[in-house]
Every structure is written in C-alpha cells, then in structure tokens.
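*Asks:* Taking the working numbering as reference, the numbering of the sequence shown is continuous, increasing by one, and the terminal residue is 1010.
We treat Cβ as the ideally placed atom computed from N, Cα and C, and that holds for glycine.
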Amino acid sequence: MSVTATRQGGPPAAAEKPAKQRYLAVDGLRGVCALALLFTHVAMIAGVLGTKELGGTIASTSAVGGFFTGGLQIFAGVFFVLTGMFVYQGFAKSVINGTPRKREGTVIRRVLRLLPAYYAMYFVVLIALNLQQIDSVWDVFRPLALLHIYDWDGWSNGMEITWTVPDMAQFYLLLPLLAWATFKFASRGKTARARAYRMMLPVPLLFAAGIAWLLYSQINGLGTRALFWYPMGLMPEVAIGMVIAIWLELQKASPNEAPKLLTFAGRHRVLFLGIALTCLLINCARPGSEIGMDDYYSLTALGIFYGLLAILSASLLLSMVAPGPESRVIRAVFTNRVILFVGKISYGVYLWQFAVMHFYLQKPNAYFNGEPMPLMLIRAGTGFWELQLVTLVGTIILSTISYYVLERPLMNWGERVIKRRAARKAAAALPRQREESVPV
571 MSVTATRQGG
581 PPAAAEKPAK
591 QRYLAVDGLR
601 GVCALALLFT
611 HVAMIAGVLG
621 TKELGGTIAS
631 TSAVGGFFTG
641 GLQIFAGVFF
651 VLTGMFVYQG
661 FAKSVINGTP
671 RKREGTVIRR
681 VLRLLPAYYA
691 MYFVVLIALN
701 LQQIDSVWDV
711 FRPLALLHIY
721 DWDGWSNGME
731 ITWTVPDMAQ
741 FYLLLPLLAW
751 ATFKFASRGK
761 TARARAYRMM
771 LPVPLLFAAG
781 IAWLLYSQIN
791 GLGTRALFWY
801 PMGLMPEVAI
811 GMVIAIWLEL
821 QKASPNEAPK
831 LLTFAGRHRV
841 LFLGIALTCL
851 LINCARPGSE
861 IGMDDYYSLT
871 ALGIFYGLLA
881 ILSASLLLSM
891 VAPGPESRVI
901 RAVFTNRVIL
911 FVGKISYGVY
921 LWQFAVMHFY
931 LQKPNAYFNG
941 EPMPLMLIRA
951 GTGFWELQLV
961 TLVGTIILST
971 ISYYVLERPL
981 MNWGERVIKR
991 RAARKAAAAL
1001 PRQREESVPV
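(1) How long is the line joining the alpha carbons of Leu878 and Lys933, rounded to whole angstroms?
(2) Round the Cβ separation of Thr610 and Gln643 to the nearest angstrom and send it over; I've been treating them as touching at under 8 Å.
(3) Looking at C-alpha atoms only, which residue of Trp955, Tyr720, Val602 is the closest neighbour of Phe645?
(4) Grab the span of the alpha helix (DSSP H) containing Ile666 for me, first residue to last.
(5) Mind checking whether Glu923 and Glu819 have CB atoms under 8 Å apart?
(6) Could you have a look at Thr761 and say whether DSSP puts it in helix, strand or coil?
(7) Residues in its own chain within less than 7 Å of Ala690 by CB, not counting five upstream and five downstream?
(8) Measuring only the C-alpha atoms, how far is Ile861 from Lys822?
(9) To the nearest angstrom, how far is it from the Cα of Gly836 to the Cα of Leu594?
(10) Using three-state DSSP, classify Gly620 as helix, strand or coil.
(11) Is it right to say Tyr720 is buried, meaning 16 or more other beta carbons lie within 10 angstroms of its own, or is it exposed?
(12) Along the chain, where does the alpha helix (DSSP H) that runs through Gln821 open and close?
(13) Is the CB-CB distance between Phe834 and Ala809 below 8 Å?
(14) Using a Cβ distance threshold of 8 Å, determine whether the segment 911 to 922 contacts the segment 661 to 681, with at least three qualifying pairs required.
(15) DSSP on Met738, reduced to helix/strand/coil?
(16) When the Cα atoms are used, what is the spatial distance from Ala604 to Val665?
(17) Can you tell which of Ala828, Leu797, Ala796, Ala884 has its C-alpha closest to the C-alpha of Arg839?
(18) Can you give me the start and stop residues for the alpha helix (DSSP H) that Met946 sits inside?
(19) Between which two residues does the alpha helix (DSSP H) containing Glu956 stretch?
(20) Does the distance from the C-beta atom of Cys854 to that of Phe637 stay below 8 Å?
(21) Quick check on Ala950: does DSSP put it in helix, strand or coil?
(22) When you compare the CB positions of Gly641 and Leu804, do they come within less than 8 Å of one another, or not?
(23) Please give the ranges of any alpha helix (DSSP H) in the segment 833 to 907, keeping only runs that are unbroken, at least 4 residues long and fully inside the region.
(24) In its own chain, which residues sit with a C-beta less than 6 Å from the C-beta of Gln740, not counting the 5 before and 5 after it?
(25) Please report the distance separating the alpha-carbon of Trp708 from that of Leu696.
(26) By how many angstroms is the C-alpha of Trp733 removed from the C-alpha of His928?
(27) Which of helix, strand or coil does DSSP assign to Ile915?
(28) Rounding to the nearest angstrom, what Cα-Cα distance links Glu941 and Glu623 in this structure?
(29) Assuming Leu832 and Ala892 are in contact, meaning their beta carbons sit under 8 Å apart, how far apart are those beta carbons, in whole angstroms?
(30) For Ile527, which beta-bridge partners are listed by DSSP?
(31) Leaving out five residues before and five after Ser787 in sequence, what residues of the same chain have Cβ atoms less than 7 Å from its Cβ?
(32) Can you list, in chain order, the residues of its chain with a C-beta nearer than 8 Å to that of Ser678? Leave out the 5 residues immediately preceding and following it.
(33) Among Pro686, Asn826, Leu701, which one has its Cα closest to the Cα of Ala715?
(34) The alpha helix (DSSP H) with Arg680 in it runs from where to where?
(35) Do Gly598 and Thr905 have their C-beta atoms closer together than 8 Å?
Spelled out as structure tokens, the structure:
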C-alpha cells in the first residue's frame, strides 16, 4: 500500500486516492503519539520519572529510563496540530478554490468524535472511583460541561489526563469562527495563492497569543498546568495545523504555486522525521530544567520546550502528508497493521490509561464509595514494566470495546443522519430549480 502520491512505475493515481493513502500514515501517527503518552504517564506513576509534586524533590529511579520517557510528553502537541489541519482544511479548500463549502455534518461529526467516549469513561470512573468526592450536583455536572479544569479543586481519580478534551472542544468552536472572520478578506484574493495567504491572517495572532500566555502564566507563577490547560497555550500548534491545511489545498488547486517547504518535505520525508527525532532527544535532555523529572522548572525550559513542540509537530506532520514519493521508513513504521489499529482506537488509548492504572493499583476497598488514593500518593510501588504491560493491555481492551461498541456505531449513525439531511435539502431544492428553468 502506497503511503504517498504515486503508484510504482506509473503516473499519479486518482486525485483523492493519494491523499487517503498519505493520511494512513497520519492514522499511524495518532497511534504512536497515544502510545508515547501512555509510556510517559506510566513512567510518572512507576517512579521512573522524578517529581516535585509532593513537596521536595523525589528523584527518578532510573537515569536511562527517566531520560527517554521524560521526553515523550512532547507528543501531546501533535494532536492539536492534527486538529488545526483537519478542521481548517475544508474552509481552506472552499476559499482557495472559490467554491461553496459543504457545511453538512461538521458539528455532528466533531461532537460524536469527541464527547461520547469521554462521557463513557467519565461515568465509569465517577461511579468506580469518585463517589466519595461528590458534595453537590456541580461536582457531577462540571466534567460533563467540560469545565472541570477551570474550576479545579484537585484530581478526580481517572480523569487526570482529560484536560485536552475541553481544549479540543474550544478549538472546534474557534476554528470555524476564524474561518468566518477571514472569509471575505481571503475571498477577495485574485489568485489561489493570494487567497491562501490571506487565509493565514489568524496564524501570527495565534502564535502571539500562545507566546504571550507562556510569559504571563510563568511570570505570575501559574505553573505548567495553567499554560496548557487553557487553550491559549496550544494555539501555536493549532496554527501550524492551519498552515499545513492551507498549503495542501493550495498545492491541489495550483501545483506550480505550492509552497517550497511542502514540496521539499514531500521529497525528503526521512529528513523531516530526523528533525522530529532530534527535537525529541533534545527534549529528553531537558535544557534549562532537570533530566528525568515530570515537569519543567523554569521559564527558559518551557520556552525551549515550546519551540521544540512546534518544530517536532510540524516536521512529523509534513513528513506524512506532503505530496511526493513514498518513504519505506514511513510505510514500515506508521502504516503497519498494529500501529494502524492503535491509531484507530487512539482516542480511547488516551482516555483510559489513567483509569486502568487506578484499577490495577488501588486497594479493593477503594471502589464504589470507598477510599481511593490519588495515584501520586501510591507512585513507585510497582515496577515500570509490570505497570506498563498491565496498562497497555487494559487500555487496548477498553479502547477496543469503546471504539466498536460506542464510537464507531455512533459515528456511522451520524453519517446516516448527515446523508438524510443532505438528501432532503437536495429534494427540496429541485422544485425551485425547475421553476427557475421554466421560460416566461
């Protein structure tokens, strides 16, 4: 199966087929990112990564393990670049080509992709691990409304990783608003290239907002959580995704005007993978901070991390989606059956990993209105590889159930609803078209 734009020994395939083949690698990339985050979170709870969360400094239990697993946190940013690319690409296509955008189903698809799996996980951990924390209806409603990270009064067991869900939801709302705000200005461009670059008007604003929030949050001592829990902190990553979306649509509409960096990336995929790997290794070394720890402890360190996050995310995605000759390395690493399956269920892998660690590490009396302990207070009591194996297997099982029982059926139902609505609109438009075509 080709990952990129051409068949072996022949002309390019049909217009849509190469893109779908390239995006197979993106599915695999989702799987790689989900597994990387699972590894680093297991390392935190197993004690491989040190911490200052409990007062004082608790060092890493493994210098080598702490070095490598500490750098894997950087893969969280890739998900936000993907969001920027996929959500903005439809708007970019419409403006660059000067054609009406198909609005059918955008909201339904995004809601069904994000919320049902999250709600299912939330209700499981609420009943199993958090009943003792409920003092009011607000305690239950707050995570349902995606407000639990903005009115935060401590960890909810199993929900430690869910800060990304409110962030994603807000970007799903923000990106269409940005497209609407720039539509008239961008549409006035006389060429595809002019319209494309006019669409990038929000990009420097998003970068500026991200950098300003980095400085404000750290100068005022708000910590790393505030930096990323609020959407401003990840606006640069979303902006990178927007740029890639615009470039891809410009390349389709006017290949001769394709950005040189996009063309170069399509011809040198392994080089861009190498750039991403270099960023990963630099992040493992934690310049400006402490190697083997679970956080960054200076503004300098966070600034460097911010830059590495942007470069790694952009390099990885460009190596996957840029049109050009295929790469055997990308095909082998990102489109093998195992990683594609993990990519398919990657949202569940992301959501369930802390819940699985709780289920394995808590004492029997912790469940159903019992007394569960926060994971940070029972950390380092289990070997890394034991906890890694249990968490990986448990997460894969729960994610597979979630995908096939809940996520995929609901998304298929959503597609049927979208098609029925489109068919009704088309049928309603026919009489008007016939009336307009009747000569007077």
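*Replies:* Taking the structure as given:
(1) In the sequence shown, the residue the question calls residue 878 occupies position 308. In the sequence shown, the residue the question calls residue 933 occupies position 363. Those two C-alpha atoms are separated by around 40 Å.
(2) On the sequence shown, residue 610 is found 40 positions in, with the first residue counted as 1. On the sequence shown, residue 643 is found 73 positions in, with the first residue counted as 1. Correct: roughly 5 Å between the Cβ atoms.
(3) Walking along the sequence shown from the start, residue 645 turns up at place 75. Looking at the Cα atoms, Val602 is the closest of the given residues.
(4) Within the sequence shown, residue 666 is the residue found at index 96, counting from 1. Element bounds for Ile666: 646 to 667.
(5) By one-based count along the sequence shown, residue 923 stands at place 353. By one-based count along the sequence shown, residue 819 stands at place 249. Contrary to the premise, residue 923 reads as Gln rather than Glu in this sequence. Cβ distance not < 8 Å, so Gln923 and Glu819 don't count as in contact.
(6) Residue 761 sits at position 191 when you count from the first residue of the sequence shown. If DSSP states are grouped into helix, strand and coil, Thr761 belongs with coil.
(7) Stepping through the sequence shown from its first residue, residue 690 is reached at position 120. For Ala690, where only same-chain residues beyond five positions count, the Cβ hits under 7 Å are Ser972, Leu976.
(8) Counting from 1 along the sequence shown, the entry for residue 861 is found at position 291. Counting from 1 along the sequence shown, the entry for residue 822 is found at position 252. Using only the alpha carbons, I get a separation of about 44 Å.
(9) Here residue 836 refers to the residue found at position 266 of the sequence shown. Here residue 594 refers to the residue found at position 24 of the sequence shown. The alpha-carbon atoms of Gly836 and Leu594 are separated by roughly 15 Å.
(10) By 1-based counting over the sequence shown, the position of residue 620 is 50. Strand at Gly620.
(11) In the sequence shown, the residue the question calls residue 720 occupies position 150. When all chains shown are included, Tyr720 counts as exposed.
(12) Residue 821 sits at position 251 when you count from the first residue of the sequence shown. That run of the alpha helix (DSSP H) goes 805 to 823.
(13) Against the sequence shown, residue 834 aligns to sequence position 264. Against the sequence shown, residue 809 aligns to sequence position 239. In this structure, Ala809 does not lie closer than 8 Å to Phe834 by Cβ.
(14) no
(15) Numbered from 1 along the sequence shown, position 168 holds the residue referred to as residue 738. Met738: helix per DSSP, three-state reduction.
(16) Your numbering for residue 604 matches position 34 in the sequence shown. Your numbering for residue 665 matches position 95 in the sequence shown. If you take the alpha carbons of Ala604 and Val665, they lie about 33 Å apart.
(17) By one-based count along the sequence shown, residue 839 stands at place 269. It is Ala884.
(18) Taking the sequence shown and counting its residues from 1, one reaches residue 946 at position 376. Here Met946 belongs to no alpha helix (DSSP H), and DSSP marks it neither H nor E.
(19) Stepping through the sequence shown from its first residue, residue 956 is reached at position 386. Run containing Glu956: 954 to 971, per the alpha helix (DSSP H) assignment.
(20) Position 284 of the sequence shown, counted from the first residue, corresponds to residue 854. Position 67 of the sequence shown, counted from the first residue, corresponds to residue 637. Taking 8 Å as the Cβ cut-off, Cys854 and Phe637 qualify as a contacting pair.
(21) Working through the sequence shown from its first residue, we reach residue 950 at position 380. Here Ala950 sits in coil by DSSP.
(22) Within the sequence shown, residue 641 is the residue found at index 71, counting from 1. Within the sequence shown, residue 804 is the residue found at index 234, counting from 1. For Gly641 and Leu804, no; Cβs fall outside 8 Å.
(23) 839 to 854, 869 to 891, 898 to 904
(24) Position 170 of the sequence shown holds residue 740. Closer than 6 Å at Cβ, skipping near neighbours: Pro801.
(25) The sequence position of residue 708 within the sequence shown is 138, counting from 1. The sequence position of residue 696 within the sequence shown is 126, counting from 1. The alpha-carbon atoms of Trp708 and Leu696 are separated by roughly 13 Å.
(26) As a working mapping, residue 928 is identified with position 358 in the sequence shown. As a working mapping, residue 733 is identified with position 163 in the sequence shown. Rounded to whole angstroms, His928 to Trp733 spans 18 Å at the Cα level.
(27) Counted from its first residue, the sequence shown places residue 915 at position 345. Three-state result, Ile915: coil.
(28) Against the sequence shown, residue 941 aligns to sequence position 371. Against the sequence shown, residue 623 aligns to sequence position 53. If you take the alpha carbons of Glu941 and Glu623, they lie about 21 Å apart.
(29) For the purposes of this step, residue 832 is taken as residue 262 along the sequence shown, with counting starting at 1. For the purposes of this step, residue 892 is taken as residue 322 along the sequence shown, with counting starting at 1. Confirmed, about 5 Å.
(30) Nothing can be reported for residue 527, as the shown portion of the chain is limited to 571 through 1010.
(31) Taking the first residue of the sequence shown as 1, we reach residue 787 at position 217. Result list for Ser787: Ala796, Leu797, in chain order.
(32) Walking along the sequence shown from the start, residue 678 turns up at place 108. The sequence given here places Ile at residue 678; Ser does not occur at that position. So the qualifying residues of the chain are Gly984, Val987, Ile988.
(33) As a working mapping, residue 715 is identified with position 145 in the sequence shown. Ranking the options by Cα distance to Ala715, first place goes to Pro686.
(34) As a working mapping, residue 680 is identified with position 110 in the sequence shown. Arg680 -> alpha helix (DSSP H) spans 676 to 699.
(35) Within the sequence shown, numbered from 1, the residue matching residue 598 stands at position 28. Within the sequence shown, numbered from 1, the residue matching residue 905 stands at position 335. Against a cut-off of 8 Å, the Cβ pair of Thr905 and Gly598 comes out as a contact.
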